[in-house]
Structures are given as structure tokens and as C-alpha cells.
Amino acid sequence: MTAPSAPLVLCIGAVLWDVIGRSPTRMAPGADVPGRIRHVPGGVALNVAAALAARGRAAAVLGAVGRDPEGEALLAAIRQAGVGIDWIHRDAGLPTDVYMAIEDTEGLIAAIADAHSLEAAGEAVLAPLRDGRLGSARSPWRGAVVVDGNLTTAQLSAIAGDPALAAADLRVVPASPGKAERLAPLIGPAHVTLYLNRAEAETLAGHPCASAAEAAAAVIARGAARVLVTDGARPAACAARGAEVLTCQPPAVSIARVTGAGDCFLAAHYVAEAAGQDRAAALAAAVAAAAAHVAGS
């Protein structure tokens, strides 16, 4: 049985340090400019969990953190943010993962995600959902679970077919266009909602799309049950089997940051739905939250 103190939302995937360099001006390839560099807790799973906690929702992360000084500092920061860390996998032989990105006034220039420790941890990351601490095949987890594409294809395939998660409300996000195809095992099940940007949706659709609405419809056509697609400053879309495609135009904002906007979108959408809001209202809430994040709020 799941313990009464278990979190409402489990977030599985990257738990790492974000190193984000931002230029106050537009950058050209090869540019060397002054700016600011932030070193903050990050990773898709952690970003979503922190955004949920900030909105009053209990959340915990399942991921891999090294037993190095960086890992100890990271766990302390996560705990301070109000996110549960009781089930994080620790391995003395693995370093704490890192994500590095460069942004300018137009958005993201480039990024590298070093999530090798998460990948190396493999099935150990999912152990609490199988050994009775959070759930098991006999007593599956029945709450919401956020899954990010920093997990390997093998890990994602295991999640798709795991009886311990068969009753869960799965919210899935790729982490990047280059990792979107990893989500293939999770396309199809009725309890899965996909959160994508247009480039990620195009990867899953297998062809370019002119808008988020077109991309969302294409992913549904591939077999997905429900999908939400963002497209920067252009309208976002929500599509589901047998339902009309909804769209919502983001408000115009000045770009202060971009990393983590999609994670805020997911968290706000989940919270709105959990509060009983309908599809259109939940989409609007998610769009507004992402825009506020980009604006630096």
C-alpha cells in the first residue's frame, strides 16, 4: 500500500545542476560576450517538481544524484525548495549530472545535457515504484507521475509496460527535440499525456508542421491519446483523441530566460486540471505560467 505521506506527484528523470549563461544582447555564432552565469538546481523532473511545490502541490523527484560535494549541495537546495528527495538513487561511483546552456535576448543558443549518471543508474531509479516503498505490481501507484526524456529508451520502455505504473496519470515530456523519439514506447496508452514543443512534436510526427495545432493533430494521428504542444510566442495547442484541437495565444513578453519554461507549462497545466478546470482554461493557465517564466517573473 502507498503510505499516507506519499507525495501527490512523482517526477522521474533529470535532477542536476543547471549552468546557464545569458547575454544581454543578441549573439552570433562564435561570439565571446559579457553576461551573467547562473548555477542553479535544474533538470526537467526537478524543474517540474519545484514548479509544483511553488503552486502548493506536494511533489518528489526520482532520479540519480552522486555522492560528491555537488550532489550534497544539490540535495540541500532541493530540500529547501520543498521537493521530496527520499527516493533519489545515490551512487558513490557516479558524478552529479550537469546541464549547460547559452541564452541571449532571442532565446536559447545551444545547450548540452550531461545526464550520464541518470542513464547509468538504469532500473535503480524506478526501484521505489516496484519494491513497495511507493508502489508495486500488486499495489500500483495511482497518483500523477511526470516522466522526462532524459531517461533512456530502455527506462521509458520499462515505464510504459510496468504494472506498478499501469494506474498512474503519466505526464511525459521529451527534454529536447533530440530525445523526442525516445518517447515512442509511451505513445498510445490512454493514461499518457505528452507535453512537447513544436520541434519535438515534428520529430514524433515524422514531418514538418506549420503550427502547434497541426503538430498536435499529427502526434494524435500517430496514436497518442493526448498531447499539448508549445511554439514559443505563437499559439500553443491541446489535442486529444476524439476531441477538437484547442489553441491559446501567449501574451507578448520580453525574454528574460527560456530554460524551464516548458516545465512551468506542464506544472501549471496539471495544477489547473487537478483544480477541476476544463481543457481550455487549463491550457490558458499553462500558457500564462510559461510566459511569466520567460518574462522573469
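Position 121, counted from 1, in the sequence shown is what our numbering calls 149; the numbers after and before it change by one each time, with no gaps.
Just so it is clear, CB atoms sit at the ideal spot from N, CA and C, and this is done for glycine as well.
All values derive from a computational prediction rather than experimental measurement.
Give me whichever residues DSSP pairs with residue i in a beta bridge.
i: R95; result: Its beta-bridge partners do not exist; DSSP assigns none.
i: H117; result: A92
i: T287; result: According to DSSP, T287 bridges with nothing at all.
i: T231; result: Beta-bridge pairing links T231 to no other residue.
i: Y127; result: D46 and A141
i: R254; result: T221 and A268
i: L274; result: C266
With 8 Å as the threshold, decide whether the Cβ of residue i is near any Cβ in chain D.
i: A323; result: In summary, chain D is missing from the structure at hand, where a single protein chain is found.
If you count every other CB in all the chains shown that lies within 10 Å of the CB of residue i, and 16 or more means buried, which is it?
i: E346; result: Only positions 29 to 325 of the chain appear in this structure, which leaves residue 346 out of reach.
i: I248; result: buried
i: S325; result: exposed
i: A34; result: Only weak support exists for where A34 lies, its pLDDT of 48 falling under 50; the value from the coordinates is given anyway. Classification of A34: buried, given that the 10 Å Cβ count is 16 or more.
i: P156; result: buried
Of the choices the options, whose alpha-carbon is the least far from that of residue i?
i: G99; options: P52, W45, V111 and A79; result: W45
i: C292; options: G70, A303, A267 and L193; result: G70
i: E272; options: A280, A318 and A308; result: A308
i: L311; options: V174, A253 and H297; result: H297
i: A216; options: R269, R50, L90 and D60; result: With the sequence shown as reference, residue 216 is identified as Gly, and Ala is not the correct amino acid for it. Per the Cα distances, R269.
i: G49; options: L193, G290, N178 and V286; result: V286
i: A261; options: A253, I283, R250 and G251; result: I283
i: L224; options: V61, V315 and A87; result: V315
i: R95; options: A87, T124 and H219; result: T124
i: L41; options: V220, A245 and V174; result: Reading the sequence as shown, one finds Gly at residue 41 and not Leu. Nearest C-alpha to G41: V174.
i: A111; options: A82, A139 and P97; result: Strictly speaking, residue 111 in this sequence is Val, with Ala absent from that position. Cα-wise, what sits closest to V111 is A82.
i: G251; options: V37, L222 and A265; result: L222
i: V68; options: P52, G58 and V43; result: V43
Check whether the Cβ of residue i sits closer than 7 Å to any heavy atom of the ligand ZN, and report yes or no.
i: R107; result: As for the ligand ZN, it is missing from this structure, which has no ligand bound.
Considering only residues of the segment 147–216, which uninterrupted alpha helix (DSSP H) runs meet the minimum length of 4 residues and lie entirely inside it, listed in chain order? 181–189
Going along the chain, which unbroken runs of the beta strand (DSSP E) with 3 or more residues stay wholly within the segment 35–94? 37–40, 44–50, 64–70, 87–90 and 92–94
Below 8 Å, can you find three or more Cβ-Cβ pairs linking the segment 110–126 to the segment 275–283? no
Is it the case that the segment 126–135 contacts the segment 100–113, given that we only count it when at least three CB pairs across the two stretches are under 8 Å? no
Counting Cβ pairs, one atom from each stretch, are 3 or more of them under 8 Å apart for the segment 199–206 and the segment 163–170? no
Determine contact between the segment 208–221 and the segment 64–80, defined as no fewer than three beta-carbon pairs at a distance below 8 Å. no
Please confirm if the segment 253–260 is in contact with the segment 229–243, defined as three or more CB-CB distances below 8 Å between the two stretches. yes
The segment 130–147 touching the segment 156–164, judged by at least three CB pairs closer than 8 Å: no
The segment 77–90 touching the segment 59–68, judged by at least three CB pairs closer than 8 Å: no
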